[in-house]
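Encoded as structure tokens, the structure appears first; notes follow it.
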Amino acid sequence: MFRFAMDVNCSFLTGIWQKYGGRVRKFVRFSVLLTCTIVVIVQLCECFSKLFSPPISSHLRVVVNQSMTYPAITICRYPSYKPDVLQKYNLQNVRTTSDWEDFPYDKITLEEFWNESTYRMDEGYFLSALNALRQSVQIKSTYYLIWGQCHTILPLIQTTSSGKGSGYSVMLYQKEISYIHSENDPEEGWHIFVHPATDPWTESTQEYTGEDESLLLAVGEELHVRIGVQEYHLVDKADDHCNASLDHSHEEGSKVLVAQITDTFRICVSSDAR
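For the numbering used here, count along the sequence shown from 1 and bump the result up by 194.
Have a look at this one:
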């Protein structure tokens with residue numbers, strides 16, 4: 195009797211499976227496919243939403259750079275002008291307009307006066323090197339009203355070590371003592387300005403936006419300077435590349451803009467005069 199009951203139940207289940215088994219398989223297959231499709235759609239929606247509306251996130255990366263870029267050094271002589279040349283052209287000072295009333299404009303141009311009255315590189319400057327190599331630096335000379343002719347030392351290489359043997363080596367000399375100063379005047383020597391190489395130094399504090407350190411070196415003195423710097427650079431972007439050129443800076447851009455405005459104003463004045 196028990197065996198007969200088992201045979202009947204197995205036959206009954208087999209019949210049900212044969213009748214509805216195909217539908218069950220299709221239902222399971224459809225359920226799995228539908229679930230996978232929903233999961234893929236949800237993931238794609240999240241992906242596209244992050245692409246169109248990137249989430250706010252922070253990323254910190256510390257890169258240890260073994261190379262060092264030295265700052266620029268601008269050296270200006272004191273006194274800025276040769277006293278005998280100023281006396282030759284009836285000048286006591288060059289800062290005010292009244293000082294130029296007796297200047298012989300018909301005998302000499304301002305460019306010739308500046309070349310004669312200020313100190314050139316061969317009149318006190320120099321021997322300079324970076325990492326014990328003279329070809330590792332570039333020297334640029336610029337005229338200023340107050341400081342006369344100043345000379346800027348620019349680095350052309352990066353170094354991987356610091357110290358006396360790897361930093362700047364600059365030698366200044368003076369042929370003769372030509373300036374008789376009073377007790378209130380500073381000693382004869384050189385004013386040294388240390389500033390970033392990408393920010394050309396200027397004597398006008400209103401125009402200069404960079405940072406600098408000023409030093410005074412008297413005749414006969416030896417100066418050793420150690421500088422600690424923490425420098426941060428912008429990371430290049432795909433559509434906004436950083437320019438590491440020494441000629442690309444805020445100061446240089448301001449100079450170009452002022453020169454363009456001055457040229458335009460000069461053209462307008464000339465046209466009106468005609």
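For every residue, glycine included, the Cβ atom is placed at its ideal position computed from N, Cα and C. Quick caveat: nothing in here was measured; it's all calculated off a predicted structure.
Could you check whether residue 293 and residue 286 sit closer than 7 Å to each other, using their CB atoms as the reference points? If you number the sequence shown from 1, residue 286 lands on position 92. If you number the sequence shown from 1, residue 293 lands on position 99. For the 7 Å CB-CB criterion, residue 286 and residue 293 form a contact.
Going by DSSP, which residues form a beta bridge with residue 342? Stepping through the sequence shown from its first residue, residue 342 is reached at position 148. DSSP lists 338 as partners of residue 342.
What residue does the beta strand (DSSP E) around residue 364 start on, and which one ends it? On the sequence shown, residue 364 is found 170 positions in, with the first residue counted as 1. Its beta strand (DSSP E) spans residues 362-366.
Count the CB pairs spanning the region 231-249 and the region 264-284 that are closer than 8 Å, and state whether there are at least three. The region 231-249 vs the region 264-284: no contact.
Would you verify that the beta carbon of residue 301 is, or is not, closer than 7 Å to some beta carbon of chain B? In summary, chain B is missing from the structure at hand, where a single protein chain is found.
Helix, strand or coil for residue 411 per DSSP? Start at 1 with the first residue of the sequence shown, and residue 411 comes out as number 217. Reduced to three states, the DSSP call for residue 411 is strand.
Between residue 227 and residue 221, what straight-line distance do the alpha-carbon atoms span, to the nearest angstrom? Here the question's residue 227 lines up with position 33 in the sequence shown. Here the question's residue 221 lines up with position 27 in the sequence shown. Residue 221 has its alpha-carbon roughly 10 Å from the corresponding atom of residue 227.
Do you know offhand how far residue 363's Cα is from residue 310's? In the sequence shown, counting from the first residue as 1, residue 363 sits at position 169. In the sequence shown, counting from the first residue as 1, residue 310 sits at position 116. In this structure, the straight-line span from the alpha carbon of residue 363 to that of residue 310 is close to 28 Å.
Bridge partner(s) assigned by DSSP for residue 262: The residue you call residue 262 lines up with position 68 of the sequence shown. Under DSSP, the beta-bridge partners assigned to residue 262 are 353.
With a Cβ-Cβ cutoff of 7 Å, do residue 296 and residue 284 count as a contact? The residue given as residue 296 occupies position 102 in the sequence shown. The residue given as residue 284 occupies position 90 in the sequence shown. Yes.
Can you name the start and end residues of the beta strand (DSSP E) that residue 387 belongs to? By one-based count along the sequence shown, residue 387 stands at place 193. Taken as a continuous stretch (DSSP letters only), the beta strand (DSSP E) holding residue 387 covers 383-389.
Figure out for me which residue from 393, 396, 381 and 333 has the closest Cα to the Cα of residue 413. Mapped onto the sequence shown, residue 413 falls at position 219. The alpha carbon of residue 413 has as its nearest neighbour, out of 393, 396, 381 and 333, the alpha carbon of 381.
Please look up how many angstroms separate the CB atoms of residue 264 and residue 324, rounded, as I've assumed it's under 8 Å. Taking the sequence shown and counting its residues from 1, the one referred to as residue 264 is at position 70. Taking the sequence shown and counting its residues from 1, the one referred to as residue 324 is at position 130. With a Cβ gap of about 6 Å, residue 264 and residue 324 count as contacting.
Does the beta-carbon distance from residue 345 to residue 315 come in below 7 Å? Working through the sequence shown from its first residue, we reach residue 345 at position 151. Working through the sequence shown from its first residue, we reach residue 315 at position 121. In this structure, residue 315 lies closer than 7 Å to residue 345 by Cβ.
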